[in-house]
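In the working numbering, the protein residues as written are 361 to 763. Quick reminder that beta carbons are idealized off the backbone N, C-alpha and C, glycines included. Note that the structure is a prediction, hence the values are computed from the model and not measured.
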Amino acid sequence: MSEHFEEHEVDFAKDVGNGSIVGNFHGDGQLPEGYKKICDLTPVEIKRLEFDSEDEVYDFYSCYAQINGFSIRKDDVRRASNNNIVMRKFVCNREGLRSKKHIERNDRVREPKAMTRTNCMARLRAEFDNHKRKWIVVDFEDTHNHEMTPSQYIHLMPAYRGISDDIKAQVDSLQLHGVRTCHIMGLIIGQKGGHADVGFCKKDLYNYIDQQKRAKINDGDAFSALSYLQAKADSDSFMFSKFTTTEEGRLDNLFWSDGVSRLDYHCFGDVVAFDTTYKKNKYNKPLVIFSGYNHHGETVIFACALVSDEKTETYKWLLETFCECMFGKHPKAVVTDGDGAMREAIRAVLPSSFHRLCAWHLHKNACDNVKNSRFLEDLNPLIYGNFSPDDFESKWKKTVDEH
């Protein structure tokens with residue numbers, strides 16, 4: 361990023377927690393001629409600043425805010441036809457007002473939180489200049505309608521708190537050796553020479569340790585599930601399972617089907633019901649069950665899966681894995697609850713399969729949305745009965761006309 365004061369180029373440093381520097385220090389700790397401290401920049405000078413990227417604009421304004429006792433957030437954005445961002449506005453975190461509907465709720469149990477929004481108009485807006493290939497500050501407002509946070513408390517603002525990776529590693533090691541959380545906090549404060557230089561508060565440390573404990577519990581459950589499936593595979597040569605992991609290496613999606621289920625699909629897999637309505641597990645992950653009917657009219661399970669979400673891409677992976685498990689055999693028809701993401705996935709992965717809606721879900725939707733009990737009574741046989749297309753159309757028209 362650059363700005364010309366007396367024909368000198370200014371390079372702003374990102375680490376300005378003490379609010380002291382812009383540019384690079386010489387060995388004697390003095391700023392070179394023409395360089396300025398961020399806190400000394402005037403609004404006019406800020407409006408002439410140029411940056412190499414949107415991130416640099418954010419870093420500068422965040423540093424400026426930290427020095428002056430407030431924090432910022434990203435606001436409006438404008439994109440070009442190629443979807444590249446060409447304008448970004450950053451505002452004071454107290455911009456705007458809390459919606460009245462959140463305050464005037466009749467069913468409120470707790471008192472509303474303290475008001476933090478004051479409709480502050482302080483902002484910085486930058487646009488990308490195609491000619492210069494730079495981000496130019498085009499609007500800057502430095503007037504706030506609230507008090508600034510005193511310098512001795514700035515390090516306690518949520519925007520400027522955070523536990524660094526080296527501190528996290530130290531905390532993990534101390535936890536492993538049985539050191540209590542309160543003692544860990546005291547040790548870190550002693551190492552840093554006081555609260556002000558720690559960079560986080562006791563609550564942040566407790567939250568981090570709690571997150572780590574929860575992650576270990578989750579990973580323990582995941583390890584148990586995979587171990588169980590491996591044990592099943594050792595005793596069932598036709599057992600099939602597949603899973604994906606997140607970027608952090610945690611279990612994301614899990615699919616499994618045993619030898620009996622795969623054989624049942626080979627015999628009775630012309631029609632498959634694909635249901636994701638079950639979430640009765642402590643992680644609230646959708647449990648997907650692939651099922652059908654055998655020649656005795658009994659329900660048979662073809663496969664099961666735990667998925668991370670109900671998005672189209674997740675369902676695509678699930679259906680592709682199901683087809684892989686079943687040796688590439690596609691069902692002739694798939695029955696679902698009508699979910700849009702599921703519909704898109706079926707269209708992409710099973711293009712030759714007929715997609716039909718579950719009668720139970722149709723009836724439930726009708727009961728939820730239609731209050732005419734007589735109409736529902738007449739509709740019930742149409743949903744669950746067996747008719748030729750012509751008979752159904754005739755009976756449906758008659759039912760609609762009567763009501």
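Taking the Cα positions, Lys562 is about 39 Å away from Glu410.
Counted as a single uninterrupted DSSP element, the beta strand (DSSP E) harbouring Leu647 occupies residues 647 to 653. About 3 Å separates the beta carbons of Gly429 and Met508, which is inside the 8 Å limit, making them a contact pair. Collapsing the DSSP output to three states places Thr672 in a helix. Only residues of its own chain outside the window of five on either side were considered, and among them Asp612 have a CB closer than 6 Å to the CB of Thr606, listed in chain order. Under the three-state reduction of DSSP output, Asn740 falls in the helix class.
Of the candidates Ser441, Lys460, Val437, Ser459, the residue whose Cα lies closest to the Cα of Lys449 is Val437. Annotation: the continuous beta strand (DSSP E) that includes Cys452 extends over 445 to 452. Assigned with DSSP and collapsed to three states, Lys724 falls in helix.
In this structure, the straight-line span from the alpha carbon of Pro518 to that of Glu704 is close to 41 Å.
The C-beta distance from Leu457 to Arg477 rounds to 5 Å, short enough to meet the 8 Å contact threshold.
Between the beta-carbon of Ala726 and that of Leu739 there is about 6 Å, and that keeps the pair under the 8 Å contact cut. Arg408 and Phe420 have their C-alpha atoms some 13 Å from each other.
If you draw a straight line from the Cα of Asp570 to the Cα of Ser597, it is about 41 Å long. Annotated three-state conformation of Ser584 is helix, per DSSP. Cβ-Cβ separation between Ser524 and Gly559: approximately 7 Å, consistent with a contact (criterion under 8 Å).
Within the DSSP secondary-structure output, Phe420 pairs in no beta bridge.
Ile514 carries a helical assignment under DSSP once its states are collapsed to helix, strand and coil. Going by C-alpha positions, Ser733 is about 58 Å away from His506.
In the DSSP annotation of this structure, Ala474 is not part of any beta strand (DSSP E), being labelled neither H nor E. Put simply, the segment 608 to 623 touches the segment 675 to 685. At least three CB pairs are less than 8 Å apart. Listed in chain order, the non-local C-beta contacts of His504 below 7 Å within the same chain comprise Phe430, Cys452, Cys480, Ala482, local neighbours out to five positions each way being set aside. With a beta-carbon spacing of about 18 Å, Gly629 and Met702 fall beyond the 8 Å limit used to define contacts. Taking 3 residues as the shortest admissible run, the segment 583 to 618 contains the following complete beta strand (DSSP E) segments, listed from N- to C-terminal end: 600 to 605, 611 to 617.
In the three-state reduction of the DSSP assignment, Arg540 falls in the coil class. Of the residues Val695, Arg622, Phe603, the one whose Cα lies closest to the Cα of Val631 is Val695. Separation of the CB atoms of Lys676 and Val709 is rounded to 6 Å, and the pair is thereby assigned contact status at 8 Å. Per DSSP, Asp750 is one residue of the alpha helix (DSSP H) stretching across 749 to 762.
An exposed status is given to Glu658, since fewer than 16 other beta-carbon atoms sit within 10 Å of its beta-carbon. For Arg458, no alpha helix (DSSP H) run applies, since DSSP gives it neither H nor E.
Cβ atoms of Leu565 and Val539 stay farther apart than 8 Å, at about 12 Å. Counting of Cβ neighbours within 10 angstroms places Thr402 among the exposed residues, the total staying below 16. Around the beta carbon of Pro691, a 10 Å sphere encloses 16 or more other beta carbons of the protein chains shown; the residue is thus reported as buried.
A direct Cα-Cα distance of roughly 27 Å separates Gly609 from Ile544.
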